[in-house]
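Residue numbers (this note's numbering): 212 to 561.
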């Protein structure tokens, strides 16, 4: 490999993925000044990557080094190494052992279109790329990366709320933030993705700690093809606007706290029960039918009290009427008793 690198000054594409290369990357790679695409994925590379590796790679557009054994120490040394690689459009570092704060080397990569840092152990704060403040997850989004199309940050330890300025990623088509520790509610600005040139196609926010209701404006994402909000704590009803998402072919709202009737019109009528499983207060097709009328417990107690009072009054009136007519009937039926009764009345008058 060292010989290959030393003899390939005019090399433009170097793909060495899925081999058994071990150890550190040779510094002679920095001599490949014409290199356009570099793929070192799925090997056993480790150690530090220094400035010499990238100082001459100013034409590099694609760099993949996923599924290796890179760690926090090697990542920190990349900050200055990448400052000269301004044309990079694809960077994949997924499935490594990066367990530090969010790496800041991407801040100057304004041409970046695909960033894959999924399945690492990224934690803590995220730099805002202006080197002024440190904030929670994704505070940098939309500031310098308007060309970003794919952002994959799944299966890390990132935390915080999803910011409203996420809509500034005007070219974004794929966003995967699943399996992190995101908090708070879904921003209503997500619906503004519909105003993008191409529009968001894939959105995965599953397996986080999101709360509150699903914004009605999310239904404005007309081009969305896949939406996964499962395993959160979202509440209230499913927005009726979801029915107009005509391109939606995959929907997962399972294991939340959603309630009320599932909208049945449009695209929502095509999904099976697995889409909604784990929401005990959700009803309607394809789940069991909603009850016709659900009387609140307090109302039922009040109705029972009124019924009991009505029955009591009715029994008193019926008792009086029955007693009166029994007495009169006895007088009419027996002549001796009737005569004695009238003689008693005459004596009383005298």
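Glycine included, C-beta positions come from ideal geometry on N, C-alpha and C.
How would you write the range of the beta strand (DSSP E) that residue i sits in, first residue to last?
i, result
"residue 396", "Premise fails: residue 396 is in no beta strand (DSSP E) and is neither H nor E."
"residue 274", "273-275"
"residue 415", "413-415"
"residue 226", "224-226"
"residue 248", "248-250"
"residue 427", "Element bounds for residue 427: n/a, residue is neither H nor E."
"residue 444", "444-447"
"residue 410", "Careful: residue 410 lies outside any beta strand (DSSP E) and carries neither H nor E."
"residue 385", "385-387"
"residue 302", "301-303"
"residue 371", "370-372"
"residue 461", "461-463"
"residue 279", "Where residue 279 is concerned, there is no enclosing beta strand (DSSP E), given that its DSSP letter is neither H nor E."
"residue 472", "468-472"
"residue 488", "Unbroken run through residue 488: none, as it is neither H nor E."
"residue 361", "361-363"
"residue 326", "325-327"
With a cut-off of 8 Å on the beta carbons, I'd call residue i and residue j a contact; round off their distance for me.
i, j, result
"residue 397", "residue 426", "6 Å"
"residue 566", "residue 271", "Nothing in the structure corresponds to residue 566, since the chain is present only between 212 and 561."
"residue 225", "residue 246", "6 Å"
"residue 386", "residue 372", "Contact flag wrong, Cβ pair sits at about 15 Å."
"residue 454", "residue 476", "4 Å"
Given residue i, which residues of its chain have a CB within under 8 Å of its CB, disregarding the five upstream and five downstream residues?
i, result
"residue 446", "422, 423, 424, 467, 468, 469 and 470"
"residue 410", "384, 404, 432, 433, 434 and 435"
"residue 420", "392, 393, 394, 443 and 444"
"residue 298", "269, 270, 271, 272 and 322"
"residue 488", "465 and 466"
"residue 500", "494"
Between the beta-carbon of residue i and the beta-carbon of residue j, is there less than 9 Å?
i, j, result
"residue 274", "residue 255", "no"
"residue 383", "residue 328", "no"
"residue 323", "residue 301", "yes"
"residue 177", "residue 460", "Any question about residue 177 goes unanswered here, given that the chain covers just 212 to 561."
"residue 392", "residue 368", "yes"
"residue 463", "residue 481", "no"
"residue 493", "residue 449", "yes"
"residue 366", "residue 330", "yes"
Report all residues from its chain with a CB closer than 6 Å to the CB of residue i; omit the five preceding and five following residues, and keep chain order.
i, result
"residue 388", "364 and 416"
"residue 277", "252, 303, 305 and 306"
"residue 442", "417, 418 and 466"
"residue 490", "467 and 469"
"residue 451", "474"
"residue 503", "none"
"residue 326", "302 and 362"
"residue 458", "434 and 436"
"residue 439", "415, 417 and 463"
"residue 413", "385 and 437"
"residue 221", "245"
"residue 497", "483 and 484"
"residue 229", "253"
Using C-beta distances below 7 Å, list every residue in its chain close to residue i, excluding the 5 sequence neighbours before and after it, in chain order.
i, result
"residue 527", "none"
"residue 187", "Here the chain covers residues 212 to 561 and nothing more, so residue 187 does not appear."
Are any of the Cβ atoms in chain B nearer than 9 Å to that of residue i?
i, result
"residue 271", "Absent here is chain B; the protein component of the structure consists of one chain."
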